[in-house]
Each structure stands twice: as C-alpha cells, then as structure tokens.
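Chains as they are written, first to last, in the working numbering: chain R, 1309 to 1656; chain L, 1309 to 1656.
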DNA sequence: CTGTTAGCGCTTTCAG
DNA sequence: CTGAAAGCGCTAACAG
C-alpha cells in the first residue's frame, strides 16, 4: 500500500542503506547513484517515515516551544523567531525541524505535562519562554524534569526566563529588574511622586523582578513605597482596566501608572480616559515589552523594549546547535527605555 | 540505559503486551494488573517512546497547524483555540495531542514543504489557517498534497480558508465578502462617496473576497469604482501607513479609508494623523478582523469581527474527531460589523 | 563508495 | 483477561 524505503531501493537497484544515505545526505554517495535514487523517490512519490527513522536513529526533528499563550504577541513573536532559526540546513533529512508549540496557560502542571510529552517524542530540543513560577513543589518538579531532558541529550533553552539551578539548561534571561528601574526612574525624573503600579500574578519571576526594579527606583529617589499603590492582576488588558479603577479609588492624587506590560497599560489608558483623565496631562502611563501595537496607542506608549525577536532567534540557534551557548550558560538580555507621548510632567 | 516497556513488564511481572494495553487504555485489563503496571511505571519513571509507538501503530499524536505568521494575533488566536481543543481524552496514550505550528510566511512553497514534513511525521490531522494563494502551479500542488494526506487518513481542516475541490478536506470559510460588503455599506450609509481601499496581496483569496465585497457595496449604491482608489499592499501596519499616504496623494478629497485588516487600519490612522487629518471628522477609517487591540485604538476602530477563537476551536474538534464535520464538508463563518468611533459622517 | 545484518521499542493479531 | 510472536520502516555498524 504505502511505499517504503525498500521499494525505492528496489526501483533504484541499490540497497536500502544507500537510499537512507542519499536521503539523509550525511554520508558519501556516488553522484550517479544519488541521481538514480532521487529519481526513484520522485517517481514513487516516496515520503520518509518520520517515526521509523526517529526510532532507528534515536532522535527526532521535533523542537518543543513552551509558551503561556500563543495568542499573545509577546509569545507569538518569540515563537516565530525561534521557528525561523530552527529550520534550514544542518540537521538530518534536510535539516527540517518542526516546532511543537505548547500553550501552558502559565500553569506549572501543564508545563510539566507538556515536558513529558516532548520527552516522549524524544524532542531534539525544548525552549521554554516567559517567566516561571518560583515556588512550591512544581518548581522543583520542573527543574527535575529539565534535568532528565538534558541528561537524555535534549538541548534545553530558557528564553526570557531565569536560569534553573543544577541544570544544563541554557538561559537567556531578560533584565526585567533593570528595565523596570529605568522606567520608574524616568517617571520620577519627570517629577512624579505618587506612582501606581499594576503588577502581574504574584508567584511569577517576571512579576517579582519588574516590581523589584520599580521599588529600587523609588528607594533610590527616597520615595516611600506605599503598599496601597501596588495592585496585582493578570498580564492582560482587562486586568489593567480594573486595577487602574482600583488605584484611582485608593489614591485620587495619582499622577502616574506603571503597568506590568503593554497590554495592561492599554487597559489602564482606557480606564483613565473613561474616568475623564487626560494622558499624560493628568496621569502618565507606562508599559513594558514594546509590543507592535504600543507605538500606535494614542498617545504612543512609553515602555521598555525587549528584543523578543532577537532573543527568540538566538534561542532557536542555540537549541539547534548553530550558535555556541553563552559562557556559563547564562546571558542577560537588556531592554531599552522608549520614551513616548504617554508620559509627561505631572500636573500642578 | 533508558528504560523501556519491557523493563516495566518485567518489574510488574506481566507481558509487554499488557503494559501497552494499560498505557493505551484501549483494551480491558484487570484492575489489579493495571495497578501493578502503573506502579512499575511510576517506580521506573518510565516514559513511552513516541516514535516507536507511532511506528508500530502507524499513527501519531501530532497535529499540524499551518499559519502565515504566528506573531500576528490573527493567527495566534486561531492557533491557540485549535490547541485548546485537541488535547483532552479520546486519543491514544491519554489522548494528548501535540500541535506542530508551522510558519509559512504566506509562501505556497513553504506551505508545501511543511505539508510534506507533516506527512512524514504521519500527523493525525492538519489544520490550514488563513487565505490561500489561488493560482499557478502551487495551488494545484497543494490541492494534490491535501488529497494525498486525506487518502492516507490524515484529517485535513481548512480554517478561514475556502474549500479545495476534489478533496476530503473540511472547510470552515470566513464570509469575507459579506463582511466587507456590510462594512462599506455602513460607510456609504454615513454619506461617504470617495472611499479609498487598501487591499492585501493580490493573489490571495482573502484579499479578493474582501475587495469583491467592497465593490459589491459600491455597485449597490451606484458609486463608480475608481481604480485609483484601490491600493494593494501587505497585511501589516506599515503597508497601511504607506498606502494611505499614496491614497491621499491620489485623492485629497478622500473621506474614508477601508483597510484590508485591523493592522493595516492602524497604519492608516497613523498616516492620517501625521497628515494633520482628524479621525473621523476629516477621514473615517475601518478595519477588518476585530483583533483585541482594535477596541483600544483612539478612536476605537470600526471593523468586522471574525469569530477567530470559535472557528479555531471548532476546527480543533473536527480535526480530532470530536465534532462532526458540517454537511457537505463546508461551513461558512460570518463576521459581525462593529461600529465604533473611527467612522462618522463625512465633512462638508 | 555500497551491501548485509541487526536491531530501535512498541503494537497487535492470534491463541489460550 | 493475558501471553507469544511477528513485524512496523528505518538506520548504523561492520564488512567489503
């Protein structure tokens, strides 16, 4: 029924081994023989059996990419960049690697499940994006699983996630702390003293680091960190909307809102506008990440640009062995402050 | 070195066959035996070998998803929705299906390559999203490939893409024509007569259908379709920006710009603003798709909402056999006109 | 440069 | 309900 390598071999009058060698191009084969084989492949419309070759060779062409939410451009951009670098020459069977994208929804349980599934597929590499949950049994379980993966020869790359101890996983960590510090310092420099902060979910590393940066900037300027001015939420627009209303309730004298990311900032803008406040004349707003839509906000959003695309591309190259991992297996990726129209000097 | 099913069998004192049956849960096994096997699996920390089982069973747990660009929320939302419905119970080995996301960049060549790669992996299903290129040898080649895939038992679902003749592929097509017609009719109803249209790349079905809907509305209102008022570009912001400048150059009397999608519309807004024109007082702007950021544009974007998430979820269920395909293998998914602040009555 | 020979680890009839 | 046995289709030594 289905045509196999043996059929091709028969038709080309060579041994199955030779066909395999031609197809994988990893072994010398006479040009004339190759021609013949390729011709047979074409005539029979033969397609290699991936599972069979993965079984025999004990590796696969699959690369796992774990994201919180692929519908969020933050992850979409990284996933796209990773993908763009995993194809191309260099691997088996033409070097075409396939990306298995797994939506974890930020849940450590699902993350663990997906890692096991990728382990089952004998994935050649796994890239984990976004912040991690840092406490509880899950964090330990994930660390243990990553260790098993690396032990089994799977290259593990953390893209925008802090390193995991006792692991061979390579980490490209975002400097969330530094970026947040710069951003808040910018606001303070403009004269702001009562700044609201809309943080992400509590137990995540990204949330903690950005919040720490914010507080460092406040402390450096001798501004008291009023706990009432920090509200936690999710990393989405709606959360920003609601949190801003809450902040306004708690502190009508607010002159600036710093959001956990750009989506949250957009929600904050909507809430402010609906409350009759002008941006930035009445209240300044700042985001984080610099997603594509941020420059189109009105006024354009002041934010910290994270080189998502570059980081993803680098992660993809490291995952496929086309770039040396950074020394010590850790590189810090810095953000860049983008000052735009949504921040200005406070009123009064 | 690595623990196999045989190891588990030995430890549980049963045959390999029994272990396989327990793991796949598709065959009666005594409760006590199952317990013993599961215990051994746990103790040995056994992970099934995916390629091996795929080879033996001649199917895999992989589902391919083809997108133009995963960084674009239009595709990200669909991909996320598809994913959310392909997991869960119902399949082999716990029914956990993995999504292989392939970025084609809109290129038919890459689309074809990825389809072959998915065929090689013996993917259980393939979902193709977004419009198709409709002419040339590629379209035929893709149709032929889809036929081969369905013949081989792979479920093929077209999500937001018109049906392909002589194929068992199920299509969930967006009513781009109807949506575009409604949108332009809305503008005409407001009193607009000189409407610029920024279309997508020429050879794509989505582009053609949206443009046709626009022209139908013009024709219905007895408005001449001035070719100078249609500009083709890509489906991105930059394209919208440039095309708008061009339209303004060609026709300073323009009172409305209809964009191929929301990203293009955002670019159009930026160009208009920089040209000193107010939206909608001087020029109205409309988009298509209703991506999440569109409601946050200032003014909020009038657009046609496409139920991307619902369509993706349905495609995922059909792909995994959890929902009956629509009668005739084709369903049309309609959009909904969302009238917001970016459109108004024309000046003068 | 090419052929021969063993498996890779699992599923699945077919018996029992 | 359980076991035995026969591959699934390919790769990778090892010879030649």
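Even for Gly, the Cβ is constructed at its ideal location relative to N, Cα and C.
Residue i vs residue j beta-carbon contact at 7 Å
i              : j              : result
residue 1547/L : residue 1566/L : no
residue 1620/R : residue 1389/R : yes
residue 1483/L : residue 1640/L : yes
residue 1372/R : residue 1465/R : no
residue 1439/L : residue 1513/L : yes
residue 1296/R : residue 1420/R : Residue numbering for chain R in the displayed model covers 1309 to 1656; residue 1296/R lies beyond these limits and cannot be assessed.
residue 1311/L : residue 1346/L : no
residue 1370/R : residue 1429/R : yes
residue 1478/L : residue 1454/L : no
residue 1594/R : residue 1558/R : no
residue 1601/R : residue 1601/L : yes
residue 1427/R : residue 1406/R : no
residue 1394/L : residue 1628/L : yes
residue 1387/R : residue 1409/R : yes
residue 1324/L : residue 1359/R : no
residue 1381/L : residue 1615/R : no
residue 1588/L : residue 1652/L : yes
residue 1630/L : residue 1590/L : no
Bridge-paired residues (DSSP) for residue i
i              : result
residue 1639/L : 1480/L
residue 1597/L : 1613/L
residue 1435/R : 1373/R, 1465/R
residue 1645/R : 1612/R
residue 1407/L : 1371/L
residue 1441/L : 1512/L
residue 1592/R : 1564/R
Cut-off 7 Å between Cβ atoms - residues of its own chain near residue i, not counting five sequence neighbours on either side
i              : result
residue 1645/R : 1490, 1491, 1494, 1612
residue 1543/L : 1508, 1568, 1569, 1571, 1572
residue 1362/L : 1368, 1430
Cutoff 7 Å: residue i Cβ touching any chain R Cβ
i              : result
residue 1531/L : no
residue 1394/L : no
residue 1588/L : no
residue 1381/L : yes
residue 1463/L : no
residue 1630/L : no
residue 1416/L : no
residue 1634/L : no
residue 1360/L : yes
residue 1387/L : yes
Same chain, Cβ closer than 6 Å to residue i, five either side skipped, listed in chain order
i              : result
residue 1540/L : 1507, 1510
residue 1564/R : 1495, 1500, 1503, 1592
residue 1524/L : 1489
residue 1633/R : 1478, 1626
residue 1320/R : 1344, 1345, 1348
residue 1418/L : 1412
residue 1329/R : 1335, 1337
Residues of its chain near residue i, where Cβ-Cβ distance is below 8 Å and the 5 sequence neighbours each way are ignored
i              : result
residue 1338/R : none
residue 1486/R : 1521, 1642, 1643
residue 1550/L : 1541, 1575, 1579
residue 1377/L : 1383, 1411, 1413, 1414
residue 1555/R : 1504, 1506, 1537, 1539, 1562, 1565
residue 1442/R : 1511, 1512, 1513, 1516
Within-7 Å CB hit, residue i to chain L
i              : result
residue 1614/R : no
residue 1324/R : no
residue 1428/R : yes
residue 1409/R : yes
residue 1601/R : yes
residue 1573/R : no
residue 1404/R : yes
residue 1606/R : yes
residue 1355/R : yes
residue 1371/R : no
Quick check for students: name the residue ranges of the beta strand (DSSP E) that lie wholly in the segment 1471 to 1540 of chain L, counting only runs of 3 or more. 1478 to 1482, 1503 to 1507, 1538 to 1540
Kindly provide the ranges of any alpha helix (DSSP H) runs that are 4 or more residues long and lie completely inside the segment 1548 to 1576 of chain L, ordered along the chain. none
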